[in-house]
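J.: Quick one: the structure is below, questions incoming.
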Amino acid sequence: MTQSRPSVVDIQNLGFAYGDAEVLHDLTMAIGLLRCVERLLTPRTGTILIDGRDLKTLSARDVSRRAASVPQSHAPAFPYTVQDIVLMGRNPHLGTASQPGPHDVAVARQAMDELGIRAIALRPYTQLSGGQLQLVLLARALAQEAHVLLLDEPTAHLDFRNRHVVLSTIRDLAVRLGLTVIMTVHDPNDAMQYADRVGLVSNGGLIALGTPDEVLTADNLGRLYGMPIEVLTDGSRHVIVAEIDR
Amino acid sequence: MKRGRFALTLLVMWLGVLVVLLASLCLGRYPVAPKTVLQVLVSRFVPIARTWDATVETVVWQVRLPRALTAALVGAALASGGAVFQGLFHNPLVSPYVLGVSSGAGFGAAVAILLGASAAVTQASAFATGAVAVSLTWLVARSGRDRSHVTLVLAGFVVGSLFSSLVAGAQYVADPSTKLPQIVFWLMGSLASVQWSDLLRATVVIVPCLVAVTVLRWKLNILSMGDDEARSLGEDPGAMRVVLIGLTTMTTAVSVAISGVIGWVGLVVPHLARGIVGPDARKLIPASIALGAIYMMIIDDVARTLTMAEIPLGILTGIVGAPVFALLLRRSRSDWD
């Protein structure tokens, strides 16, 4: 899901590798891309530009002020309060020896308000449900005050209801705060319902890139998944279903 | 915990440090009244009439004060070291001791004692081998495919065992009438022979390191999120971890060099502190420093007053620490999963 501001994140001829195996040889939106933008991986070929600047020239701190990310899974070690966690999003704006001040607390509180989790600010985040935890990590990303949000399957561990709560919250934030959101999803219906632009990635290559209507066709999806796919249309809404003989 | 309430909690802890320090100066086989202790202390800075014995002066100023202050310093160093390691490795079960720095430092000190080195050289030697031990543990844990916390603790166990064997080797070749008892007593932990000069040497290393750790403590929260998340929060985890491990290894190694191997403090005290102020390092580190000082002074008081002979500190911290830790394990397991 990206807002219509293509110049914020610009990706050119990207290729990178885990270990020795080349994984991607073209522009993509897969997990690996997120990792590249987060600088957890370095592209082998091509460049990623954020705000027109090459990621390779930016420090972790510089990147984290422009792009915030929400991990797919998170293993808590200590029972920090929700507010402690959200406050950690202020780290890119703090010097080595400094600690969050009143302004940082105000930003963290506002981020919690945005996501409606202010009421649980003082609860240990280890006691939250999966959906609440995602909202807390989203609030932490918001507190970074970056204008790009990177989400790696934010709904992977969520039930039906929480999946839509989280996705519509993200959509709402993107529109209201003018954020660019790049996320990976496994269910094409999520992309159909929430994204402005969709990229289909298969075996490291990009199959299609464009608006959901253009990209999420029965033809493209059938090729991607290697099985017959049907796109049911009801007015302006589309539902993607697999055609399986029963 | 709210900011104001934390300030009050910390104030109470530091008052506790002063009260326990005063009690440590009074207690012993030669009891001194608190009023006399205060008079002795004041007379060092303000000329007042001496109404007490020269022996009292020696006991309070030359024997008990440097000893109690060293206990406080060592306790603060070990406790904050535990809190730092637990944050760095995002695991509430590690301490500098678990990762082998103590046995590593123990080996360096044992070799120095064997060679008849001075106290300063012994401390330097302990620091060097302590640092080597932690690095080895880190490398062993990283070399495996499984990067879990269990691997790390097991790697520490392996490296700790290696250095324990080396210490045993040093003991085996030591002269049984002179060097061997020195090494054995040193390994069990004691502050009995501490003098002002020892305290001074430990202070110039430990206090700046504790100040640095206190200044950097917010970053512990970030690093406890794991490397990937730390980086996406704008922190280079490698550099900061090296700095914090360096500082902590330094304080632990100096503590071990001056007091011998005293286990459990770095595990038990941060847990107590976490129970009182919560896991946020901004509160946990100052609380661990104060509680560590209190804990170690009390342990040392028990060591020298419980029986006619001194009880080695490592034995006491083990006897106190193991059950307390078992209790904490039972009670707060749910917080770690």
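Chains as they are written, first to last, in this note's numbering: chain A, 4 to 249; chain B, 54 to 390.
Glycine included, every Cβ here is placed at the ideal spot set by N, Cα and C.
Bear in mind the structure is a predicted one, so any value in this text is a computation, not a measurement.
1) Could you compute how far the alpha carbon of VAL112 of chain B sits from the alpha carbon of PRO82 of chain A?
2) Taking CB distances under 8 Å as the criterion, tell me whether GLY328 of chain B reaches chain A.
3) Using a C-beta cutoff of 8 Å, does ASP388 of chain B count as contacting chain A?
4) Please state whether the Cβ-Cβ distance between ILE338 of chain B and ASN94 of chain A is less than 8 Å.
5) Could you check what DSSP says for VAL307 of chain B in three-state terms: helix, strand or coil?
6) THR236 of chain A lies in the beta strand (DSSP E); which residues open and close that run?
7) So that I know if they touch, is there some Cβ in chain B lying closer than 8 Å to that of TYR128 of chain A?
8) From this set, B:ALA375, B:LYS336 and B:MET350, which residue's C-alpha is nearest LEU64 of chain B's C-alpha?
9) When you compare the CB of ARG58 of chain B with every CB in chain A, is at least one pair closer than 8 Å?
10) Bridge partners of HIS77 of chain A, per DSSP?
11) Contact criterion: CB-CB distance below 8 Å. Does PRO145 of chain B meet it with respect to chain A?
12) What ranges does the alpha helix (DSSP H) occupy inside the segment 108-176 of chain A, keeping only unbroken runs of at least 4 residues that lie completely in it?
13) What did DSSP end up calling VAL244 of chain A once you bin it into helix, strand or coil?
14) For LEU325 of chain B, which residues from the same chain have a beta carbon less than 7 Å from its beta carbon, with the 5 sequence-adjacent residues on both sides left out?
15) DSSP puts MET361 of chain B in a beta bridge; with which residues?
16) Hey, VAL258 of chain B and VAL307 of chain B: beta-carbon distance below 8 Å or not?
17) With a CB to CB cut of under 8 Å and the five nearest residues on each side skipped, what residues in its chain are close to ASP251 of chain B?
18) Identify, in the order they occur along the chain, each residue of the same chain with its Cβ nearer than 7 Å to the Cβ of ALA468 of chain B, setting aside the five sequence neighbours on each side.
19) Of all Cβ atoms in chain A, is any one closer than 8 Å to the Cβ of ASP281 of chain B?
20) Which residues, in order along the segment 253-273 of chain B, keep a beta-carbon less than 7 Å from a beta-carbon of chain A?
21) For a quick check, are the C-beta atoms of LEU136 of chain A and LEU118 of chain A less than 8 Å apart?
22) Put ARG56 of chain A into one of helix, strand or coil per three-state DSSP.
23) Apart from the five residues just before and just after THR175 of chain B, which ones in its own chain have a Cβ nearer than 7 Å to its Cβ?
24) Does LEU286 of chain B get closer than 8 Å to chain A when you measure Cβ to Cβ?
25) Round the Cβ separation of ASP87 of chain A and ASP333 of chain B to the nearest angstrom and send it over; I've been treating them as touching at under 8 Å.
26) Just grab the DSSP bridge partners of ALA211 of chain A for me.
27) If VAL187 of chain B and GLY157 of chain B are in contact, beta carbons under 8 Å, what's the gap, nearest whole angstrom?
T.: Once the coordinates are examined:
1) 46 Å
2) no
3) With a pLDDT of 46 at ASP388 of chain B, under the threshold of 50, the predicted position of this residue should be treated as unreliable, though the coordinate-derived value follows. With 8 Å as the cut-off, ASP388 of chain B counts as an interface residue toward chain A.
4) no
5) For VAL307 of chain B, the secondary structure class from DSSP, reduced to helix, strand or coil, is helix.
6) 232-237
7) no
8) B:LYS336
9) no
10) As computed with DSSP, HIS77 of chain A is found in no beta bridge at all.
11) yes
12) 133-146
13) strand
14) LEU344
15) Note: MET361 of chain B sits in no beta bridge, so no partner.
16) yes
17) PRO119, THR123, ALA172 and ILE311
18) Residue 468 of chain B falls outside the range modelled here, since chain B spans only 54 to 390, and no answer is possible.
19) Yes, ASP281 of chain B counts as interfacial toward chain A.
20) VAL268, LEU269 and TRP271
21) no
22) strand
23) Taking THR175 of chain B as the centre and dropping the five residues before and after it, the same chain places the C-beta of ALA162, ALA165, ILE166 and ALA310 closer than 7 Å to its C-beta, in chain order.
24) yes
25) 5 Å
26) In DSSP, ALA211 of chain A forms a bridge with A:LEU203.
27) 7 Å
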